[in-house]
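Asks: Which chain is which? The protein sequence lines are A and B, in order. Okay, so the first sequence: first residue is -2 according to the working numbering, each after it adds one. Okay, so the second sequence: first residue is 1031 according to the working numbering, each after it adds one. Structure below; questions to follow.
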Amino acid sequence: MKTGMRLDLFLFTISILWAPALSDLVLSKVERRIDLTSQIVRITSTIKVENTGSDVVSEVLLAFPDNQANHLAYLAAALNEGKGKVKASASSFQVEVVHPKDMPSSLTFYSVSLPKGLGKGESLTLDIFAVYTHTLQPFPEKIAQSEIQLVLFQESAHFLSPYAVKVQSLSIKLPDARIESYTRTENTKIHGSEIKYGPYENLAPLSYSPIVVHFESNQPFAVAQELVREIEISHWGNVQVTEHYNLVHDGAQSKGEFSRLDYQARPYARGASAFRRLVAKLPPRVHSVYYRDEIGNISTSNLWGGSKKTELEIEPRYPMFGGWRTAFTIGYSLPLRDFLFVLDGKRFLNFSFGCPINEVVIDTLIVRRVLEIFLLLFHFLLKQWQEIKFSHLDVVGRPVVVVEKNNVVPEHNQHFQVYYNFSSLSMLTEPLMLISGFFFLFVACIVYMHADLSISKSSASYLAKLQWEEVQATIQRVQNIINRCLTIHDKLEASLRDLSRTGDVQACKAARKSADSLLKEMSKELKPLVVFLQSSPQAAQILPKVEELVARERELQERLMLKHSTVVDCYEKKSVGREIENRVASHQQKITAIRQEVDDLLEFIEEI
Amino acid sequence: MVGKVEPVNGNVKSGSNQSTPAATQAATLKSDLLNSLSLKSLKLKTKQQELLIRVSILCLVYVLAFMTRLFSVLRYESMIHEFDPYFNYRTTLFLTQKGFYEFWNWFDYESWYPLGRIVGGTLYPGLMVTAAIIYWVLRFLRFAVHIREVCVLTAPFFASNTTLVAYFFGKEIWDSGAGLVAAALIAICPGYISRSVAGSYDNEGVAIFALLLTFYLFVKAVNTGSLAWALASAFGYFYMVSAWGGYVFIINLIPLYVLVLLITGRYSMRLYVAYNCMYVVGMLLAMQIRFVGFQHVQSGEHMAAMGVFFLMQVFYFLDWVKHLLSDTKLFQAFLRITVTCAVGVGAIALGVGTASGYISPWTGRFYSLLDPTYAKDHIPIIASVSEHQPTAWSSFMFDFHILLFLFPAGLYFCFKRLTDATIFIVMYGLTSMYFAGVMVRLILVATPAVCLISAIAVSATIKNLTLLVRAKNKAVSSGSSRGTSSAKGSSKGLIDHSQPFQRNGAIVLLLGAFYLLSKYATHCTWVTSEAYSSPSIVLSARGAHGNRIIFDDYREAYFWLRQNTPPDAKVMSWWDYGYQITAMGNRTVIVDNNTWNNTHIATVGRAMSSYEDEAFEIMRSLDVDYVLVVFGGVTGYSSDDINKFLWMVRIGGGVFPVIKEPDYLVNGEYRVDKGAAPKMLNCLMYKLSYYRFGELTTEYGKPPGYDRARGVEIGNKDIKLEYLEEAFTTSNWIVRIYKVKPPNNRW
């Protein structure tokens, strides 16, 4: 309050000194509306500028005292077309900081440049939209759990401007709650939760009249001291957004006990200043949403989907009282096609900048995008640099564009574009890497299985091993031959069955002939193998079995041939079925027995 | 079908009688099954088929062991469980962030305030180093994993590896069939799962693998007499020492085993090589672990190993002398003299060492293993831990199920075929079963032995039964191939009179065995999902409509501490929550789960059981800023501080005789209602737990202040705090945090 008064006096003196210099412009009408319903202060000023001088004026200066300018988060100026609200369309003007000479240093000036210029006698209506953060000061600064939160707001009843103002008025909209006090000056009216100052007429440049409003505000004073948004693009069709919040309740500090009992029994009376949930508006078609912090998942959250937007309601682990902090991470995935577009062979990503949570002030916002960068377009000033990030299966890393901005409000939630080059083929690197990795693994396995890794090639055990392998291979071949013989035997049996069905003796004889020759070949093949086994010392153990197997097989052959010829004979003699059976029975029994033995021997040899 | 088979049955015998000797050699049941399925089309040799099946079964078991431990991740989330794992997680995080040397030299200011803790020298680093290596390898392979995920999945990963070791061990002591069964049994055995679900990032998860590996390698070394295997087992032992304090079991069981082999006359050069190499190299390696240090030569618990080592040398020396001396009489005399001398020197050395304090006596934990009543009388801090209680029969049944019955059967098979290896497994089984009976947590150590021995029983039984069944099947198949013409004639042939119902009986028994095994599988799955997959940080209950209600109060409180207290705040709580507070709350604690300083814990116990003003003095002297208590009266959560309170009194009273247990009891009964002892109603713990609880209605139809955990209305509803104030209470009142007020101005 005191500083305000001093500033006022100071300004008053200088206003007399410097007024003539800028007197070409006159603000013929100023209307200001201040919205104090949330922790973010939004001031909309409609000013009508008139050029009374002779030169064409191309810029309009806006003055802000330093204590406001430090908290100014967002400033936009637009041409007021009719009675509509501020439209951030083509009619918005560029606003930048200027340091005009001969002006008091405690003021910060922004100039609105008018592209067309303002000729003599012309007038123009501008809408100035300013957003401030951290301007509502809690008073008292510390409250107990059951107390309500009161805040102070300071402003000037007069529009602070380097130009003379003819008519002006100010209205302050407060939340629907009680008003502790407010400064009464001339022409002060109060309508419910709205306070009106003015109209005031014919004010000199830089006139200042401080006012203070002290009122109840239990809106969440959620301030993200740091928000890191990481937007990771996968060209396989996914945008992964991860947001790390460092949240604090920036209202009146809580003091004394926190009683869960009171809070549970009457949460709105005994915890009015606290907030327990936040709502984030996410883009539509969002999926895989998670909400967690350093120590794990937080289970208190809800998600409502819709075609226009998705709402995520999150509850911090505990109700947020004044001064309490929390930290958490939200992550979600979005389909790539909603955000990535191709223009002239270049891709660009169109994504919103700010934080999706309603009415949160962000002290430091860092946005990191993981992609190949080319160009970045932004409407406001911010720090920007590049990094490299390593993700899954990254060898060279992915380029990351980092932009940082302080003091962010929901008004900054504009879309920004990132233009970059990216070859679709490079999408295949990772799958190819995986494929080749597994390929080499299997190749290595195959090489290991087949390569001879023994150190000494002449040691006894190594030679023995080689010999043993040879013996095994030979036995394997013997087995194969025996098995083939057995299948031939089966064929013979089959031919006999055919005979009993059709009575075709000639076919049966032919079958036998071919079988005979085949079996002979087999036994020829078998001979060198058996000889080898006999010569090899390693095979000494198994040799008798093999020899027995061969012998048995031969016996089986003979028996079978005998049986075959008997049956064929019988058929040629046209004897009765029963007679054949009787004659064959003895053979049959022996064949079965031998066959069994051969099978067992085969099995035994296989086990080795 | 049966009708057709029956007549054939007779002639079949002729074949089967001859086939039996051959069939006994059959390697496994699986290969036979495949044969009967005649997969000849695959053109694989039987050997290869068997290998293929074995490998695929092992792979499936490997995957199964991993998957069955993921219930907790699916039910809850990928998080660290319980108490100790949080410390392990915190140290692993430190290791991966700061590197090994920083970790090794870490002095932790955040625990045991104001004493601090030399972390590098007071932990078994095996688990952390293992997880960190896995993490670094994955990072090197460009997998951007978080260290938490690695920690959560370390135990299931090692459980999977344990199944492989169990397979090889089973193969070594019996055959590959038993190995496969052992792998399958241990993969889902609840006794092991209880300590190795995803998230239970504790030493045991790795240690059981190391334990079984060491045993396997040692048995392999004894069987082969190979220096290489003995060396490998020494390294396995080193890993075990680095991972868990349970290595003492190895260093006592192996000498005992060697001694038994010596006594039973099974001494051999193989044993000499295996034991000496394993002991000497293992001991030297183990000394590299700071926490173990020179205990191998200085502690009473390790002396048995050393004694057996010297005994082996004497034995070898005697053997050599016997070889040189041909005269048996002379040798007898020599033997007597040397043995007496050796035993005498050993006894004197032990006596002198113990008397001079060079050899430290046995520790309390070791004593309490040998004498289950020891801890109850002398060390309340060990007795207070629920997992140190003697095991109830029900928990044996719960953790082993049918293995409990198969275990004696397996022992029978082992005794029937005594070899060096089976003697080992029998000894391992019997000793670990004894220890499992003494302490609940040691069921874990017994589990591999029980699984292996049961696997022998299962494998041997099933193999015998299938031999019977298979013999017929084969004959039947060969018989039917002969065609109908011969069937009639041969059916009149030989008829087997020996055991008419043998085959059917075998089939019935086989079905019974499969039924039991499938019961075991369902039991294990049920136990895993219902009992062993709860992280105990997050509690869950069923709501009135069958929906799941989650109580996340612990993390709520710890996160509140982390965010809303000064970074140097000191939190006093009972030691159970120490690790969690430092890991999740990131705040300094007075005592934690590493219960190395009994006096410090007793001081906290004393503060908790004193009146508020006395407690305030103690807390002032300990520089405490916040006090944390766990209270289940609202939710009916029974393992809260009020139920642990008697242990606080006992432990506090053990050091400070001011605290007397009878003061808190009424006629030896512990109560919190109106009839409670006056000291109980006014002690700090009671006040902090029930502060303003008297105004709360917890259950419909009950008076306010009705404690749902104990089912009574509390006795002191008008609690005023003078030196503390409520700082935070979680949404279900499970954790309550109080701030210690600064002392009043003197004027």
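Glycine included, C-beta positions come from ideal geometry on N, C-alpha and C. Here the structure is a predicted model, which means the values were calculated and not measured.
When Cβ atoms are compared, which residues of the stretch 293 to 308 of chain A fall closer than 7 Å to chain B?
Replies: Taking 7 Å as the Cβ-Cβ cut-off against chain B, the residues of the stretch 293 to 308 of chain A that qualify are G293, N294, S296.
Asks: Interface residues of chain B around R314 of chain A at Cβ under 8 Å?
Replies: The answer, in chain order, is D1582, R1585, E1586, F1589, W1590.
Asks: Under 8 Å between C-beta atoms, does R257 of chain A make it to chain B?
Replies: Answer yes: the Cβ-Cβ gap between R257 of chain A and chain B drops below 8 Å somewhere.
Asks: Taking S562 of chain A as the reference, give the member of A:R509, A:N418, A:S285 with the closest Cα.
Replies: With distances taken between Cα atoms, S562 of chain A lies closest to A:R509.
Asks: Where do the ends of the beta strand (DSSP E) carrying F1581 of chain B lie?
Replies: Element bounds for F1581 of chain B: 1578 to 1581.
Asks: Are there 16 or more other CB atoms within 10 angstroms of the CB of F1347 of chain B, so buried, or fewer, so exposed?
Replies: Label assigned to F1347 of chain B: exposed.
Asks: Would you identify the three-state DSSP class for K84 of chain A, choosing helix, strand or coil?
Replies: Note that K84 of chain A has pLDDT 45, beneath the 50 cutoff, so the model's placement of it is unreliable and no number is given.
Asks: Taking the C-alpha atoms as reference points, what is the distance between R498 of chain A and C505 of chain A?
Replies: Roughly 11 Å separates the two Cα atoms.
Asks: Is there a C-beta anywhere in chain A that falls below 8 Å from the one on A1757 of chain B?
Replies: Chain A, which has a Cβ nearer than 8 Å to the Cβ of A1757 of chain B, makes this yes.
Asks: I'd like the span of the alpha helix (DSSP H) that includes V1754 of chain B, first residue to last.
Replies: The question names Val, yet the displayed sequence has Leu at residue 1754 of chain B. Premise fails: L1754 of chain B lies in the beta strand (DSSP E), 1754 to 1759, not in any alpha helix (DSSP H).
Asks: At least one CB of chain A closer than 8 Å to the CB of N1135 of chain B: is that the case?
Replies: It does not: the Cβ of N1135 of chain B has no partner Cβ on chain A nearer than 8 Å.
Asks: Go through the stretch 286 to 329 of chain A residue by residue and report every complete run of the beta strand (DSSP E) that reaches 3 residues or more, in order.
Replies: Runs found: 298 to 301, 307 to 311.
Asks: Is there a Cβ of chain A sitting closer than 8 Å to that of A1571 of chain B, yes or no?
Replies: Chain A contact via Cβ: absent.
Asks: Does E1107 of chain B come within less than 8 Å of chain A when only Cβ atoms are used?
Replies: Chain A contact via Cβ: present.
Asks: Could you tell me whether any Cβ in chain B is nearer than 8 Å to the Cβ of S143 of chain A?
Replies: Chain B contact via Cβ: absent.
Asks: Among A:V46, A:I37, A:L76, A:E93, which residue has its Cα nearest to the Cα of H68 of chain A?
Replies: The residue with the shortest Cα to Cα distance from H68 of chain A is A:I37.
Asks: Under a Cβ-count criterion, where at least 16 other Cβ atoms within 10 Å of its own Cβ denotes burial, should M446 of chain A be classed as buried or exposed?
Replies: Flag for M446 of chain A reads exposed.
Asks: Counting along the chain, where does the beta strand (DSSP E) carrying L1569 of chain B start and finish?
Replies: Element bounds for L1569 of chain B: 1569 to 1572.
Asks: Can at least three beta-carbon pairs, one atom from the stretch 1658 to 1670 of chain B and one from the stretch 1693 to 1700 of chain B, be found at a separation below 8 Å?
Replies: They do not touch, by the three-pair rule.
Asks: Check whether the stretch 227 to 236 of chain A and the stretch 1739 to 1753 of chain B are in contact - that is, three or more C-beta pairs closer than 8 Å.
Replies: Contact fails: fewer than three Cβ-Cβ distances are below 8 Å.
Asks: Any Cβ of chain A within less than 8 Å of the Cβ of L1063 of chain B?
Replies: With a pLDDT of 47 at L1063 of chain B, under the threshold of 50, the predicted position of this residue should be treated as unreliable, though the coordinate-derived value follows. No, L1063 of chain B does not count as interfacial toward chain A.
Asks: Given that a residue counts as buried once 16 or more other Cβ atoms are within 10 Å of its Cβ, and exposed if not, what is T1727 of chain B?
Replies: Flag for T1727 of chain B reads exposed.
Asks: Would you mind giving the Cβ-Cβ distance between Y194 of chain A and L157 of chain A, rounded to the nearest angstrom? I have them listed as a contact below 8 Å.
Replies: That pair is no contact at about 14 Å.
Asks: My understanding is that F1268 of chain B touches G1323 of chain B, with C-beta atoms under 8 Å, so please give their C-beta distance in whole angstroms.
Replies: About 14 Å separates the two Cβ atoms, so there is no contact after all.
Asks: Under 8 Å between beta-carbons, which chain B residues line up against I254 of chain A? List them in chain order, please.
Replies: The sequence shown places Glu at residue 254 of chain A, not Ile. Within chain B, the residues near E254 of chain A are E1755, E1756, A1757.
Asks: To the nearest angstrom, report how far apart T1054 of chain B and D1205 of chain B are at their CA atoms.
Replies: For T1054 of chain B, the pLDDT reaches just 38, beneath the cut-off of 50, and the residue's location in the model is therefore unreliable, although a value from the coordinates is still provided. Going by the C-alpha atoms only, they are around 13 Å apart.
Asks: Give the residues from the stretch 1718 to 1732 of chain B that approach chain A closer than 7 Å (Cβ to any Cβ), ordered along the chain.
Replies: Within the stretch 1718 to 1732 of chain B, the qualifying residues are R1722, E1725, L1726.
Asks: Do V1227 of chain B and Y1584 of chain B have their beta-carbon atoms positioned less than 8 Å apart in this structure?
Replies: For Y1584 of chain B and V1227 of chain B, no; Cβs fall outside 8 Å.
Asks: Which residue or residues does DSSP assign as beta-bridge partners of L200 of chain A?
Replies: Beta-bridge pairing links L200 of chain A to A:V162.
Asks: Take G1235 of chain B as the anchor and find which of B:S1651, B:F1454, B:N1191 has the nearest alpha-carbon.
Replies: It is B:N1191.
Asks: For chain A, check one thing: does any of its Cβ atoms lie closer than 8 Å to the Cβ of F1173 of chain B?
Replies: For F1173 of chain B, the answer is yes, since a Cβ of chain A falls inside 8 Å of its Cβ.
Asks: Using beta carbons (cut-off 8 Å, strictly below), is R395 of chain A in contact with chain B?
Replies: Chain B, which has no Cβ nearer than 8 Å to the Cβ of R395 of chain A, makes this no.
Asks: Where does the unbroken alpha helix (DSSP H) through M1333 of chain B begin, and where does it stop?
Replies: Run containing M1333 of chain B: 1333 to 1354, per the alpha helix (DSSP H) assignment.
Asks: Residues in its own chain within less than 6 Å of F529 of chain A by CB, not counting five upstream and five downstream?
Replies: Cβ within range, chain order: T471.
Asks: Looking at the structure shown, is E1647 of chain B part of a helix, part of a strand, or coil, going by DSSP?
Replies: Here E1647 of chain B sits in helix by DSSP.
Asks: Since R114 of chain A is in the alpha helix (DSSP H), which residue starts that stretch and which ends it?
Replies: One detail in the question is off: residue 114 of chain A reads as Gly in this sequence, not Arg. Unbroken run through G114 of chain A is the beta strand (DSSP E), 104 to 115; no alpha helix (DSSP H).
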